[in-house]
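Input: a single structure, listed below in structure tokens.
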Amino acid sequence: MRTSFVSYTRAAAALASILLSANAASADDVQALRSDKLVEKAHVIDLRIGHGHADLVVRRTVHNGGPRHDQATFYIDLPTGAVAVGLRTLATLDGKPHWYDGELLEAEKAAARYRELTGIGGYYPKDPALLSWRSQSLLALQVFPCPPGEDKTIEYTLRLPTQYRDGRHHLDLSAMGTEKLPAAATVSPMIAGEALFVGDTRQKAPAQISLKDAVDLSVAPASEKPLEGALASVSFGKQKNVVRFHIDAAPALSRVPRGAHVVVLIDASRSLEQEQIEAEVAMARAYLSHFTDARAAVLLFDRAVHVPKHGFVSARNALAGLDGAQVVRRNGSHIDEALARADALLAALPEGTPKRILALTDARTRRELTPERLRGQLSKSGALLHVGVVGSAFSTTLERDDTHAWATLTRPTGGLVWQASIDKDDPGEEPRDVYEELARPKRIDHFEVHAQGLAREDIEAPEELTEGASFEDLRLSEKQVPFVEVTGELWATPVRRVLVADEAENRRWAGLVFGSHLLHSIDEADMMTLAMMGRAVSPVTSYLAIEPGVRPSTEGLEHSTGSGQGFGSGFGRLSGAHRAKPVRLATFDKQAFLKSELERGLSACGGAGKTAKVGLESTLQELVSVRATIDGEKAESKLVSCLEEAAWEIVLPTAFDSAWQGFTIAL
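Residues -27 to -1, 1 to 640 in mature numbering (1 follows the signal peptide of the UniProt record, and there is no 0) are what the sequence shown spells out, letter by letter.
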């Protein structure tokens, strides 16, 4: 059962008023017990922002203009999540200013000692300051005596958790101080050299600011490690543990390689709509725009590979070659030959040159073109390969597709298969921003958190952690959590980080728990262990700082009624595309159409009267495979080659709408 502690009738009335209005306004209140001549004259804060927490050393000075020794009472409106972890009082020692540290005591014991040390008596009492709990958002600081005509300075330390977002550790701080005297703060990063921001403006540290209004303060970590974080696992009883960890992704998880050589392959086959071809060009532009100092080559492919005359050119010239480009669509999707040509171009470069291939295609090919066969086309250069499977030309999206069959082709190189769409007519920054992900990884995918002692299904981790973002978890657990393992992928490269419980982090969160939502889940009987470990003012602990000295006993305080203590990216071959004549699909005979076209071709090649057989494969309105045999002719004869060339020039009408279809045509 809690007992009342030192308080006074006037102070109790003021406290009740403060408690009732605590949610309505963010302002401290400073009151004197005996005279309105005691006023606050300075409120300064030394504020340091770290990774996961910030410390505020708050120094406040009052001046007593009254005739008698007086008590100053500060009702401290705490920033969200804050706890008090220290108290000092300023006095003199051998004629010099000297700080006396406060001691963290059991709340009732601290209250009783304060009462004793401030009361009228025939002994030599010492002059104390008491920092105690009123509620999770309010503390009371009582200081006595404040001598007449003199200043009295007191200092306390607040600790707050920070939030990591957009690549910076943020402290969202409410206004601090009183309505008449806002706090003035000197702000610095805890780690020297880290960038300091007030709002979104970078400031030279230390920065001087007023806390008249709410402000967002932040620091940008200097580490280039992809993942940082910390773990606290605090035991405060049998099967009672406070567990808190945070995992922060670096502000930039990677950088676009300097001096890279890049090959972009653009599928110019007829299974793609004209809008999709235009989308590929837009994708290439958005991609190459991130390689400012790269050398690039843009290759078109259908059943042949079309290499630009000048080979590699600057990224700027490559982008200029894409301006206004129109591509003639043809049959054939020989991406295998395109990859082999890209591989050969990049293999000729010096060792150590960053090499990249981006293949833009609908991935519709002849049946024999398996991922295993395609992989054989990338054996020389060691280039990283991305494949963009082209979708819509009217919206911008980019999603990795690890289930695609061609993922077995890209992943060994470190690259991925992507489902890619782009608004080809969007002149804004969105396409460029989205397609930056093909130039460098910007998120950790397949993000998983494994904490020893916690069931995996109980950890609600996101599937991905974007750069500059954080995942944190705060809970009460029956088991201790000695380590947390974090895994994921940057593109196809594994990422792993292990966080081990840290004693300093344990002490911080033993205290910070009193500013968190967990407070109401902790029994009062268990609070002492946490409070003493965290050195924090709590519902069961207070700070008492004692200034040694002698004062007239007649200036002690008359204690009367008390109140209860509460919780408290160049082509050739540019022109318009061929268009097929509309046909009536319901009655269209594909075999008859192909036979008629092939007979015309055989006759034009001088093979009229010959017996021939032609095997064809189509994907939508594109021929992707042609194999011809003519009786009495060798496979490489001019007549056979001529017939195959004629077949490749067939323009399939819209009736050919199957994803894949095979035909054998006898002539």
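Backbone N, C-alpha and C define an ideal beta-carbon position, used for all residues, glycine too.
All values derive from a computational prediction rather than experimental measurement.
Between the alpha carbons of residue i and residue j, how many angstroms are there, rounded?
i	j	result
E570	G582	15 angstroms
E437	I220	12 angstroms
A133	V486	Looking at the sequence itself, residue 133 is Leu, so the reference to Ala does not match. The straight-line gap from Cα to Cα measures roughly 10 angstroms.
G635	K586	13 angstroms
A255	A366	9 angstroms
A518	A477	24 angstroms
E433	K185	38 angstroms
V613	V624	20 angstroms
A277	E310	7 angstroms
R469	P118	57 angstroms
A113	R416	46 angstroms
G579	G361	42 angstroms
Q247	F561	24 angstroms
I250	V363	9 angstroms
G484	V58	8 angstroms
F444	A474	17 angstroms
E440	H490	27 angstroms
F629	T592	8 angstroms
K452	A428	11 angstroms
H24	M501	27 angstroms
T381	R21	49 angstroms
T637	E345	26 angstroms
L77	T62	14 angstroms
D275	D335	12 angstroms
A222	D19	28 angstroms
P199	H419	15 angstroms
L131	D375	48 angstroms
L575	R228	56 angstroms
E458	A102	45 angstroms
A(-3)	T53	The predicted position of A(-3) is uncertain, since its pLDDT is 47 and thus under 50; a value taken from the coordinates is nonetheless stated next. Taking the straight line joining both Cα atoms gives about 13 angstroms.
L190	T34	25 angstroms
L104	L60	7 angstroms
Between the Cα of residue i and those of the options, spot the shortest distance and give me the residue it belongs to.
i	options	result
F170	I495, P194 and V56	P194
Y408	I417, I395 and H419	I395
R481	R7, A55, E345 and I308	A55
D1	H26, S110 and H36	S110
D604	L593, E595 and L616	L616
L312	D296, I330, V31 and A298	I330
A317	V12, D335, E123 and F285	F285
R41	G23, L6 and A27	L6
Q115	S262, T126 and G122	T126
L472	R231, Q425, M500 and E89	Q425
A288	L261, V31, L447 and V192	L261
S183	D266, N214 and A148	A148
L292	R268, A178 and I308	R268
A15	D446, H26, Q4 and V31	V31
L66	L575, A632, E520 and E618	E520
D406	V454, K10 and T369	T369
P404	R373, E253 and R384	E253
A442	D28, A225 and R413	A225
L449	E152, N214, V192 and A178	N214
A156	V188, G172 and Q176	V188
D398	K282, R384, R258 and E497	R258
N479	Q181, M505, T460 and D499	M505
Per DSSP, residue i is paired with what?
i	result
F218	L204 and D446
W72	L63
Q4	T46
I638	V587
residue 652	With the chain covering -27 to 640 only, the question about residue 652 has no answer from this structure.
K213	G210
P162	I22
K607	Answer is none; K607 lacks a bridge partner.
H359	L331
S352	DSSP output for S352 lists no bridge partner at all.
Can residue i be considered in contact with the ligand PLP, in the sense that its beta carbon sits closer than 6 angstroms to one or more heavy atoms?
i	result
L295	Questions concerning the ligand PLP fall outside what the structure shown contains, since it holds no ligand whatsoever.
Problem - Sequence ranges, alpha helix (DSSP H) only - wholly within the region 269 to 323, length at least 4 - result: 288 to 295 and 308 to 320
Practice task
May I ask you to verify whether the region 303 to 317 touches the region 594 to 601, counting CB pairs closer than 8 angstroms and requiring at least 3?
Solution key: yes
Exercise for the section: Can you check the region 80 to 160 for any beta strand (DSSP E) of at least 3 residues that lies completely inside it and give the ranges in chain order? Expected result: Runs found: 100 to 108, 111 to 119, 124 to 134, 136 to 138 and 141 to 146.
Practice task
Could you tell me whether the region 420 to 433 touches the region 347 to 362, using the rule of 3 or more Cβ pairs below 8 angstroms?
Solution key: no
Exercise for the section: Spell out a yes or no on whether the region 163 to 178 and the region 68 to 87 are touching, meaning 3 or more CB-CB pairs, one atom from each, closer than 8 angstroms. Expected result: no
Exercise for the section: Take every Cβ of the region 142 to 152, pair it with every Cβ of the region 71 to 83, and state whether three or more of those distances are shorter than 8 angstroms. Expected result: The region 142 to 152 makes no contact with the region 71 to 83; the number of CB pairs closer than 8 angstroms stays below 3.
Practice task
Would you check if there are 3 or more beta carbon pairs closer than 8 angstroms linking the region 199 to 207 to the region 288 to 302?
Solution key: no
Practice task
Report yes or no: do three or more beta-carbon pairs, one from the region 26 to 45 and one from the region 228 to 237, lie closer than 8 angstroms?
Solution key: no
Practice task
Counting only runs of 4+ residues fully inside the region 479 to 516, write out the alpha helix (DSSP H) ranges in chain order.
Solution key: 497 to 507
Handout entry: Within the region 401 to 465, ranges of the alpha helix (DSSP H) (whole runs, at least 4 residues)
Key = 403 to 408
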